[in-house]
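Some notes on the structure that comes next.
Protein chains: 2
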Amino acid sequence: MQVIGEKINGTRKRVAQAIAERDAEFIQELAQKQTQAGAAWLDVNAGTMPRQEPEDLVWLIETIQAVVDTPLCLDSANPRALEKGIAVVNKTPMINSISGEPARLQNILPIVVAHGCPVIALALDDKGIPQQAEDRMVVIRELMSRTRGQGIEDHRVYIDPLAMTISTNIHSANITLETMRLVRREFPQAHLTLGLSNISFGLPARARINRTFMALAMQAGLDSAIIDPLDREMRAVIITTTTLLGRDRHCLNYTRAYRAGHLES
Amino acid sequence: MQVIGEKINGTRKRVAQAIAERDAEFIQELAQKQTQAGAAWLDVNAGTMPRQEPEDLVWLIETIQAVVDTPLCLDSANPRALEKGIAVVNKTPMINSISGEPARLQNILPIVVAHGCPVIALALDDKGIPQQAEDRMVVIRELMSRTRGQGIEDHRVYIDPLAMTISTNIHSANITLETMRLVRREFPQAHLTLGLSNISFGLPARARINRTFMALAMQAGLDSAIIDPLDREMRAVIITTTTLLGRDRHCLNYTRAYRAGHLES
Numbered sequence: 160m161q162v163i164g165e166k167i168n169g170t171r172k173r174v175a176q177a178i179a180e181r182d183a184e185f186i187q188e189l190a191q192k193q194t195q196a197g198a199a200w201l202d203v204n205a206g207t208m209p210r211q212e213p214e215d216l217v218w219l220i221e222t223i224q225a226v227v228d229t230p231l232c233l234d235s236a237n238p239r240a241l242e243k244g245i246a247v248v249n250k251t252p253m254i255n256s257i258s259g260e261p262a263r264l265q266n267i268l269p270i271v272v273a274h275g276c277p278v279i280a281l282a283l284d285d286k287g288i289p290q291q292a293e294d295r296m297v298v299i300r301e302l303m304s305r306t307r308g309q310g311i312e313d314h315r316v317y318i319d320p321l322a323m324t325i326s327t328n329i330h331s332a333n334i335t336l337e338t339m340r341l342v343r344r345e346f347p348q349a350h351l352t353l354g355l356s357n358i359s360f361g362l363p364a365r366a367r368i369n370r371t372f373m374a375l376a377m378q379a380g381l382d383s384a385i386i387d388p389l390d391r392e393m394r395a396v397i398i399t400t401t402t403l404l405g406r407d408r409h410c411l412n413y414t415r416a417y418r419a420g421h422l423e424s
Numbered sequence: 160m161q162v163i164g165e166k167i168n169g170t171r172k173r174v175a176q177a178i179a180e181r182d183a184e185f186i187q188e189l190a191q192k193q194t195q196a197g198a199a200w201l202d203v204n205a206g207t208m209p210r211q212e213p214e215d216l217v218w219l220i221e222t223i224q225a226v227v228d229t230p231l232c233l234d235s236a237n238p239r240a241l242e243k244g245i246a247v248v249n250k251t252p253m254i255n256s257i258s259g260e261p262a263r264l265q266n267i268l269p270i271v272v273a274h275g276c277p278v279i280a281l282a283l284d285d286k287g288i289p290q291q292a293e294d295r296m297v298v299i300r301e302l303m304s305r306t307r308g309q310g311i312e313d314h315r316v317y318i319d320p321l322a323m324t325i326s327t328n329i330h331s332a333n334i335t336l337e338t339m340r341l342v343r344r345e346f347p348q349a350h351l352t353l354g355l356s357n358i359s360f361g362l363p364a365r366a367r368i369n370r371t372f373m374a375l376a377m378q379a380g381l382d383s384a385i386i387d388p389l390d391r392e393m394r395a396v397i398i399t400t401t402t403l404l405g406r407d408r409h410c411l412n413y414t415r416a417y418r419a420g421h422l423e424s
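As you go down the protein sequences, you meet chains Z and L in turn.
For the first sequence, the numbering used here begins at 160 and goes up steadily by one.
For the second sequence, the numbering used here begins at 160 and goes up steadily by one.
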């Protein structure tokens, strides 16, 4: 399971403030803590103000890279911000994200190709998020045909089947899980990722829903997720599910995590 | 999810003592607490001493029925004990269990047929527990052909695909989950049940493994389990997974459980 640490996100109030005030210490602490907690990538979102975004993204990247060497996941729909960001990264970043929306494909895909980036591909297009799994597959097939057409190997694509809240449609989780099973069958080399906390929007005890959904999603093929790596209980669920799914020889990782105190409830 | 409450089991030291001392209060408290916690059935195991078992089972049944009317699951391989027990139950009990072992089939199946009982059917025979899912299916098919041959409808059969510990074979959970998926496809009307705590035998933080396995097993089709209904965290996982799997219209059961304080972590 590759964890993409979600915490450095300018749409969060406290992070937006840190960006505005150039509070490097606050950002660096988020970067270090997520890295120590095992994040494989750090998502970096500089907020959504077009004029400032390129400059803010560059500041964020340089601030983060001063303290950790974890690869970054540049989270922007703004090609100018992405180009500025890519010019200063130390390691090839992941791009978050393309989708079936023509503008996104036209603006972002060339950057992905030019720099050999891994890329998150969202199962939506200009008509929105398809309701049924089979319709999300139509979008995903189109996206994969575009990335393949540009010579991007499947294993560089992180397909996000999208999770909508079960509070407005009780079948939302099933639709996401079914989409993942179909992707696993049809594109076995592609990764599956998920911004998974949407699933519980509008409900109480959200963390409980999110972590149970993580176990179910891993069984359906999820191998990456955009989450808070500091969420101890979520991390414990990932460790436990990895072991139960047979990917932990002799349960060594599980027993090691136990001894390190990561599995206390 | 039908919970079969596991606590009244004479192979547990404290219960054996209560049986020996005819400590009705202790047994009745177990019966009441499991019932209040939502058990659909109460497993009743009078221990394994052949001479005493029939008499002890009758005492247990009468003691339990004095305080609750939850249907019982008579847990015995002893036909004489089962016959004595069935003579005193108020409601048709489940029988735990038959298997592909010829002696079990010969001794227990006629009792199931004669009294119209639901029955747990274990995926093992006189050669033991098959290693692979497909081989467990061979045993299960033979069992289903026997129950069908005796006119027992599939929905009265609770197939237990068996869970061995992952501590000695890291693929144990996958084998159990795969067997469940195959049963769901081939015998859609049959129930699936599981004595699920075996999965974590020999490992630390067992409760964590057990409850994560519960979520995965429910996704694979589990609709019944032999567990401790008083395990709050396990109960919360069952509620949450039921909701995520789309079986909780408008998330009403989830929000109700939250308001009742069942989802605190």
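Backbone N, C-alpha and C define an ideal beta-carbon position, used for all residues, glycine too.
Query	Result
Compute the beta-carbon to beta-carbon distance between K243 (chain Z) and V217 (chain Z), rounded to the nearest angstrom, for a pair I have assumed lies under 8 Å.	5 Å
For S258 (chain L), tell me which candidate among L:L411, L:L321, L:M373 has the shortest Cα-Cα distance.	L:L321
Is there a Cβ of chain Z sitting closer than 8 Å to that of N333 (chain L), yes or no?	yes
Assuming contact is defined by CB atoms lying nearer than 8 Å, are I186 (chain L) and D407 (chain Z) in contact in what I supplied?	no
Bridge partners of V203 (chain L), per DSSP?	L:L233
Alpha carbon to alpha carbon, how far is M160 (chain Z) from R300 (chain Z)? Give it in angstroms, no decimals.	24 Å
Quick check: L381 (chain L) and L353 (chain L), are their CB atoms within less than 8 Å of each other?	yes
Let's test the definition: count the other Cβ atoms within 10 Å of the Cβ of D427 (chain Z) and tell me whether it reaches 16, buried, or not, exposed.	Residue 427 (chain Z) lies beyond the range of chain Z shown here (160 to 424); nothing can be said about it.
Indicate whether V442 (chain L) and L231 (chain L) have their beta-carbon atoms separated by less than 8 Å.	This structure cannot settle anything about residue 442 (chain L), because the visible part of chain L is limited to 160 through 424.
Could you check if M208 (chain L) is buried or exposed, using at least 16 other CB atoms within 10 Å of its CB as the buried criterion?	exposed
Take the Cβ of A374 (chain L) as the centre, count every other Cβ of all protein chains shown within 10 Å, and call the residue buried at 16 or more, exposed below.	buried
Output yes if chain L places a C-beta closer than 8 Å to the C-beta of I329 (chain Z); else output no.	yes
Give the residues of chain Z in contact with I325 (chain L), contact being defined as C-beta atoms less than 7 Å apart.	T402, L403, C410
Can you check which of these residues, Z:E221, Z:V248, Z:L268, is closest to A236 (chain Z) by C-alpha distance?	Z:L268
Expressed to the nearest angstrom, what Euclidean distance is found between the alpha-carbon atoms of A364 (chain L) and I325 (chain Z)?	30 Å
Return the chain-ordered list of same chain residues with a C-beta closer than 6 Å to the C-beta of L219 (chain Z), the five sequence neighbours on each side being excluded.	V203, A205
Using a beta-carbon distance cut-off of less than 8 Å, what residues from the segment 347–367 of chain Z approach chain L?	I358, L362, P363, A364, A366, R367
Do the CB positions of T371 (chain L) and V396 (chain Z) come within less than 8 Å of each other?	yes
What are the uninterrupted segments assigned as beta strand (DSSP E) that are 3 or more residues long and contained completely in the segment 262–320 of chain Z, given in chain order?	278–281, 316–319
Quick one: grab the DSSP three-state call for N249 (chain L).	coil
Taking C-beta pairs closer than 7 Å, name the residues in chain Z that A419 (chain L) reaches, listed in chain order.	Simply none; closest approach about 12 Å.
If we count Cβ pairs, one from each stretch, closer than 8 Å, do we get three or more for the segment 333–352 of chain L versus the segment 290–300 of chain L?	yes
So which residues on chain Z does G414 (chain L) lean against when the C-beta distance must stay under 8 Å?	Note that residue 414 (chain L) corresponds to Thr in the displayed sequence, not to Gly. By Cβ distance, chain Z contributes L362, P363.
Report the residues of the segment 369–387 of chain Z with a CB closer than 7 Å to any CB of chain L, ordered along the chain.	T371, F372, A374, L375, Q378
Have a look at the DSSP bridge pairing and note the partners of H350 (chain L).	L:Y317
The alpha helix (DSSP H) with Q176 (chain L) in it runs from where to where?	172–179
Quick check on V247 (chain L): buried or exposed, where buried means 16 or more other Cβ atoms within 10 Å of its Cβ?	exposed
Between the alpha carbons of E312 (chain Z) and K286 (chain Z), how many angstroms are there, rounded?	27 Å
On the DSSP letters alone, give me the boundaries of the alpha helix (DSSP H) that A332 (chain L) sits inside.	331–345
Alpha carbon to alpha carbon, what distance is there between A196 (chain Z) and H314 (chain L)?	47 Å
Got a sec? Which residues, its chain only, sit under 7 Å from F360 (chain Z) by beta carbon, not counting five neighbours each side?	T324, S326
Applying the 10 Å Cβ sphere with the 16-neighbour rule, what's the burial state of Q290 (chain L)?	exposed
On the DSSP letters alone, give me the boundaries of the beta strand (DSSP E) that A384 (chain L) sits inside.	383–386
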